[in-house]
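**Q** Please find one structure pasted underneath; my questions will follow.
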Amino acid sequence: MATIKVHGVPMSTATMRVLAALYEKDLQFELIPVDMRAGAHKQEPYLSLNPFGQIPALEDGDLSLFESRAITQYIAEEYSEKGEKLLCPGCKKVKATTNVWIQVEGQQFDPNASKLAFERVFKGMFGMTTDPAAVQELEGKLQKVLDIYEARLSKSEFLACDCFTLADLHHLPAIHYLMGTDSKVLFDSRPKVSEWVKKITARPAWAKVIDLQKQ
Amino acid sequence: MAGIKVFGHPASTATRRVLIALHEKNLDFEFVHIELKDGEHKKEPFTFRNPFGKVPAFEDGDLKLFESRAITQYIAHFYSDKGNQLVSLGSKAIAVIAMGIEIESHEFDPVGSKLVWEQVFKPLYGMTTDKTVVEEEEAKLAKVLDVYEHRLGESKYLASDHFTLVDLHTIPVIQYLLGTPTKKLFDERPHVSAWVADITSRPSAQKVL
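In order, the protein sequence lines correspond to chains Z and F.
Here the first sequence is numbered in the UniProt record's numbering, starting from 1 and rising by one per residue.
Here the second sequence is numbered in the UniProt record's numbering, starting from 1 and rising by one per residue.
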């Protein structure tokens, strides 16, 4: 009896972000595929779920949401008692630090990592050619971000605190794709980052998300 | 209890986002001016506060934060009983606010900020506005504002019937764009236009100009 419905596709990084949170929380849900190739995400009825025409969207009873990082935060708060904890335990001041690193992923990491994944992975899938100059530029920017992560992870086991939180989870989809490309060296060459990548990608909930792609 | 410090620049949109939130809450704070033109934000000691070298950074007692939208959310929740309410209660209402914050952050701000850079800051630095970029970004902004127009036809403010962080976060970029030809995109959408007039006339918004 899945009251939770996710509209998206298992290949999409933003959909994967939401699926990871749902699996971490052991929540039942229905994944409703969106026919991207037919442009279903840019038309009704999908536009009523997300007027920006992007996947995923989530329905939980009469609540309808889009933007993957808003959805994961809703899941983490609404179902805080279920499954794994996805926010740092503690008071509002501790929560504020989690928000800092949630913003960092969204503002500093993802713009570069997503574009790099697009160049290295998705362009090939869509019969387009990777642009080596773009790859070089994006890797240059991503390296600077990862240097900061390396310093951060020398002081903290995970990005926000000593527990796995949404701040780490949100990185999983882009990291997953980049680790299957030559860009993996950016992560492997930084010991703390490398260790963190291994920890977060080894989580059972993440394995379930990857399994969905194989189906 | 001025344990609050903001490290930033008065012209920076991200800094203004934080200042507006503090004014909405009537909180005392100390403003520490970071001289961007000297690259102060890219050097120590500022980079101890934000390793990404961007303003603003924030301190409240021994809590240190950066990223303007994390700071405003902290202010809204930690000082929820002071000044104006900037978030809503209940997990569903909070989810709608989180969604609005993401939309502003990923759809509105990247486009709005580029338009501010091209039309406001580049001329200040003796650089030339790139009209092609302005045209492209205005086309994108128009689509975002169409969504906002529809939303504001159903709801007085973006996330609820009261002013929240979702509206607040747009103010600094909107303030700059109202001084450029891009203003027309706001003017030609009646609900957006009324909302813009409303939020930019708030005392907190006036204080950062």
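The beta carbon of each residue, even a glycine, is placed where N, CA and C say it ideally should be.
Bear in mind the structure is a predicted one, so any value in this text is a computation, not a measurement.
#1: List the residues of chain F whose Cβ lies closer than 8 angstroms to the Cβ of lysine 92 of chain Z, in chain order.
#2: Answer yes if the stretch 9-24 of chain F comes into contact with the stretch 79-92 of chain F, meaning at least three C-beta pairs across the two stretches below 8 angstroms, and no otherwise.
#3: Within the continuous alpha helix (DSSP H) that includes glutamate 138 of chain F, where are the two ends?
#4: Count the other C-beta atoms from every protein chain shown that fall within 10 angstroms of the C-beta of alanine 194 of chain F, then say buried if there are 16 or more, exposed otherwise.
#5: Using a Cβ-Cβ cut-off of 7 angstroms (strictly less than) and excluding sequence neighbours within five positions of valine 94 of chain Z, which residues of its own chain qualify?
#6: Return no unless some Cβ of chain Z is closer than 8 angstroms to the Cβ of proline 51 of chain F.
#7: On the DSSP bridge list, what partners appear for isoleucine 94 of chain F?
#8: Which residues does DSSP pair with proline 191 of chain Z in a beta bridge?
#9: Does chain Z have any CB closer than 8 angstroms to the CB of lysine 42 of chain F?
#10: Please list, in chain order, all residues of the same chain as threonine 97 of chain Z whose beta carbon is under 8 angstroms from its beta carbon, the five residues on each side excluded.
#11: How long is the line joining the alpha carbons of leucine 168 of chain F and valine 208 of chain F, rounded to whole angstroms?
#12: Decide yes or no for the touch test of the stretch 98-111 of chain F against the stretch 62-69 of chain Z: beta carbon pairs closer than 8 angstroms, at least 3 of them.
#13: Between the stretch 184-192 of chain F and the stretch 145-153 of chain F, are three or more C-beta pairs nearer than 8 angstroms?
#14: With burial defined as no fewer than 16 other Cβ atoms inside 10 Å of the residue's Cβ, what is the status of alanine 79 of chain Z: buried or exposed?
#15: Beta-carbon of valine 191 of chain F versus every beta-carbon of chain Z: anything under 8 angstroms?
#16: Going by DSSP in three states, alanine 20 of chain Z sits in which element: helix, strand or coil?
#17: Going along the chain, which residues of its own chain have a beta-carbon closer than 7 angstroms to the beta-carbon of arginine 16 of chain F, five neighbours each way excluded?
#18: Run the CB neighbour count on methionine 1 of chain F, radius 10 Å, all protein chains shown included, and call it buried at 16 or more, exposed below.
#19: Nearest by alpha-carbon distance to threonine 47 of chain F: which of F:Phe7, F:His106, F:Asp62 and F:Leu86 is it?
#20: Specify, as a first and last residue, the run of the beta strand (DSSP E) that glutamate 59 of chain F falls within.
#21: Does DSSP put residue 223 of chain Z in a helix, in a strand, or in coil?
#22: Find the residues of chain F that neighbour proline 51 of chain Z, judging by a C-beta separation of less than 9 angstroms, and give them in chain order.
#23: For a contact defined as C-beta to C-beta under 7 angstroms, what are the partners of arginine 69 of chain F on chain Z?
#24: Which residue comes first and which comes last in the alpha helix (DSSP H) that contains alanine 174 of chain Z?
#25: So which residues of chain B does glutamate 107 of chain F contact, with C-beta pairs closer than 7 angstroms?
#26: Extract the residue ranges of the alpha helix (DSSP H) inside the stretch 22-106 of chain Z, only unbroken runs of 4 or more that lie entirely within it.
#27: Put serine 201 of chain F into one of helix, strand or coil per three-state DSSP.
#28: If we ignore side chains and look at the alpha-carbon of each, how far apart do threonine 129 of chain Z and lysine 184 of chain Z end up?
#29: Under the DSSP definition of a beta bridge, which residues are partnered with leucine 159 of chain Z?
#30: For the alpha helix (DSSP H) containing phenylalanine 46 of chain F, list its first residue and its last residue.
#31: Compare the C-beta of glutamine 107 of chain Z with all C-beta atoms of chain F and state if any pair is closer than 8 angstroms.
#32: By the criterion of Cβ-Cβ separation under 7 angstroms, what are the contact partners of lysine 114 of chain F in chain Z?
#33: State yes or no: is the C-beta of alanine 151 of chain Z within less than 8 angstroms of the C-beta of threonine 72 of chain Z?
**A** Here's the rundown:
#1: Listed along chain F are Tyr74, His77 and Phe78, each with a C-beta nearer than 8 angstroms to that of lysine 92 of chain Z.
#2: Using a C-beta cut-off of 8 angstroms, the stretch 79-92 of chain F makes contact with the stretch 9-24 of chain F, since at least three inter-stretch Cβ pairs fall below that distance.
#3: Going by DSSP, glutamate 138 of chain F is part of the alpha helix (DSSP H) stretching over 131-154.
#4: With a 10 Å radius around the Cβ and a threshold of 16 neighbouring Cβ atoms, alanine 194 of chain F comes out exposed.
#5: If the five residues before and after valine 94 of chain Z are omitted, its C-beta is found closer than 7 angstroms to the C-beta atoms of Cys88 and Cys161, all from its own chain and listed in chain order.
#6: Yes, proline 51 of chain F counts as interfacial toward chain Z.
#7: DSSP, once it has assigned bridges, lists no residue as partnering isoleucine 94 of chain F.
#8: None; proline 191 of chain Z has no bridge partner.
#9: No - not a single Cβ of chain Z is within 8 angstroms of the one on lysine 42 of chain F.
#10: So the list reads Cys88, Ala160 and Cys161, once near-sequence residues are dropped.
#11: Distance between the alpha carbons of leucine 168 of chain F and valine 208 of chain F is about 12 angstroms.
#12: The answer is yes - the stretch 62-69 of chain Z touches the stretch 98-111 of chain F, with three or more Cβ pairs under 8 angstroms.
#13: With the cut-off at 8 angstroms, the stretch 184-192 of chain F and the stretch 145-153 of chain F touch.
#14: Looking at the sequence itself, residue 79 of chain Z is tyrosine, so the reference to alanine does not match. The residue is buried, with at least 16 neighbouring Cβ atoms inside 10 Å.
#15: A quick correction: the sequence has histidine, not valine, at residue 191 of chain F. Judged by the 8 angstroms Cβ criterion, histidine 191 of chain F is not in contact with chain Z.
#16: Note: alanine 20 of chain Z maps to helix in three-state DSSP.
#17: Pro172 and Val208, listed in sequence order.
#18: Any answer about methionine 1 of chain F is weak, because its pLDDT of 47 lies below 50 and its placement is not dependable; what the coordinates show is given next. Burial call: exposed.
#19: When each option's Cα is compared against that of threonine 47 of chain F, the closest is F:Phe7.
#20: Annotation: the continuous beta strand (DSSP E) that includes glutamate 59 of chain F extends over 57-60.
#21: Given that chain Z is displayed from residue 1 to residue 215, the structure contains no residue 223 of chain Z and the question cannot be resolved.
#22: Those within 9 angstroms of proline 51 of chain Z in chain F are Asp146, Val147, His150 and Arg151.
#23: Using a Cβ-Cβ cut-off of 7 angstroms, arginine 69 of chain F is close to Gln103 of chain Z, given in chain order.
#24: Looking at the DSSP string, the run of the alpha helix (DSSP H) that includes alanine 174 of chain Z is 172-178.
#25: The chain labelled as chain B is not found among the protein chains of the depicted structure, namely Z and F.
#26: Counting whole runs of 4 or more residues, the stretch 22-106 of chain Z contains the alpha helix (DSSP H) stretches 46-49, 68-78 and 92-104.
#27: Coil, per DSSP.
#28: Distance between threonine 129 of chain Z and lysine 184 of chain Z, taken at the CA atoms: about 20 angstroms.
#29: According to the DSSP secondary-structure assignment, leucine 159 of chain Z is paired through a beta bridge with no residue.
#30: Here the alpha helix (DSSP H) through phenylalanine 46 of chain F covers 46-49.
#31: Interface residue, yes.
#32: Contact of lysine 114 of chain F with chain Z by beta-carbon distance below 7 angstroms is absent, the smallest such distance being about 13 angstroms.
#33: Cβ atoms of alanine 151 of chain Z and threonine 72 of chain Z: not closer than 8 angstroms.
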